[in-house]
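These notes are about the structure you will find just below.
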Amino acid sequence: MVTNDIKKNIEIIRQRIELSLKKSNRKEKEVKLMAVSKFHPIEKMLIASSFVDLFGENRVQEAEDKSLLWPEENSVPWHLIGPLQRNKVRKAVSIFDLIESVDTLKLAETINRVAKEQNVRKYPIFIEVNMSDERSKIGIAPEGAEELMSDIMEKCPHISIEGLMTIGPNTNDVKLIRKAFEGLRNKRDFLRTQLGLELPELSMGMSGDFEFAIEAGSTIVRLGTSIFGDRNNN
């Protein structure tokens with residue numbers, strides 16, 4: 002029953018993604034579906050792995066516990082989307098294919114050092130930008146993104162900045178939600194020109210707002226409850 006529920010949920014989400022892409026005159030397959038698996042058991046992840054593009058975990062320790070049980074032949078990439086303490090960077094670099102939540106130079110420098118030690122030529126990251134100006138959210142302020150990224154490019158040769166990430170504002174005001182997502186896309190376009198980076202990825206949009214994010218240019222949407230159902234908080 003769980004298998005059918007997860008598969009059906011993902012089918013519905015894929016249909017909604019496709020409609021949003023058509024509405025914004027974007028091509029099919031331009032958006033990757035991330036299953037946010039925080040507090041969800043590995044059994045559910047394995048079911049979802051046949052139908053999603055990425056997994057997102059919020060906590061390094063939980064991801065490490067799951068990774069020990071994860072079959073080697075399952076190649077769905079894992080992203081860290083939660084805040085990362087510098088003392089957990091070594092584990093994070095070993096577990097995750099990409100870290101989305103980089104928002105300080107010190108964190109980037111730690112990732113760079115660990116990547117060098119582990120003989121990783123270029124470890125991929127996103128810069129998390131706080132587009133909603135909410136103190137409860139982490140992320141660099143939009144006006145600080147260019148300086149941070151320029152410093153990372155100069156001081157962290159073992160890091161590759163692949164895109165930007167944001168969490169939409171906690172509001173039902175559609176105008177504010179659209180403004181935040183469109184603001185990140187515009188910031189990305191500006192940074193491309195200023196820094197000469199491709200920045201192909203925009204990670205934005207969750208269960209309640211992912212269609213607005215797609216219309217604004219998102220390439221990764223991060224969905225949890227709408228795929229797996231309610232969490233079993235530990």
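Each residue of the sequence shown is one higher than the one before, starting from 2 at the first, in my numbering. Glycine included, every Cβ here is placed at the ideal spot set by N, Cα and C.
N- and C-terminal bounds of the beta strand (DSSP E) containing residue i
i: residue 222; result: 221–224
i: residue 45; result: Where residue 45 is concerned, there is no enclosing beta strand (DSSP E), although the alpha helix (DSSP H) it sits in stretches over 43–49.
i: residue 95; result: From DSSP, residue 95 is part of no beta strand (DSSP E) but of the alpha helix (DSSP H) over 90–96.
Euclidean distance between Cα positions of residue i and residue j
i: residue 208; j: residue 114; result: 35 Å
i: residue 151; j: residue 9; result: 44 Å
i: residue 109; j: residue 164; result: 14 Å
i: residue 70; j: residue 176; result: 43 Å
i: residue 148; j: residue 127; result: 15 Å
i: residue 192; j: residue 198; result: 7 Å
i: residue 34; j: residue 42; result: 19 Å
i: residue 142; j: residue 180; result: 15 Å
i: residue 211; j: residue 72; result: 30 Å
i: residue 56; j: residue 195; result: 31 Å
i: residue 235; j: residue 102; result: In this predicted model, residue 235 has a pLDDT of only 48, less than 50, meaning its place in the structure is not dependable enough to derive any value.
i: residue 124; j: residue 157; result: 10 Å
i: residue 30; j: residue 20; result: 12 Å
i: residue 182; j: residue 146; result: 15 Å
i: residue 137; j: residue 37; result: 20 Å
i: residue 218; j: residue 132; result: 15 Å
i: residue 45; j: residue 96; result: 19 Å
DSSP bridge partner residues for residue i (one or two, in chain order)
i: residue 79; result: 56
i: residue 141; result: 130
i: residue 125; result: 161
i: residue 103; result: 128
i: residue 33; result: 221
Expected contact under 8 Å - CB spacing of residue i and residue j to nearest Å
i: residue 140; j: residue 104; result: 5 Å
i: residue 232; j: residue 39; result: 7 Å
i: residue 223; j: residue 204; result: 7 Å
i: residue 14; j: residue 227; result: 6 Å
Residue i: CB within 6 Å of a non-hydrogen atom of the ligand ATP
i: residue 209; result: This structure lacks the ligand ATP; in fact it carries no ligand of any kind.
Extent of the continuous alpha helix (DSSP H) to which residue i belongs
i: residue 5; result: 3–24
i: residue 28; result: Taken as a continuous stretch (DSSP letters only), residue 28 belongs to no alpha helix (DSSP H), as it is neither H nor E.
### Message
In chain order, what are the residue ranges of uninterrupted alpha helix (DSSP H) at least 4 long that sit wholly in the region 151–225?
### Response
Along the length of the region 151–225, whole alpha helix (DSSP H) runs at least 4 residues long occupy 175–196 and 211–217, reported in chain order.
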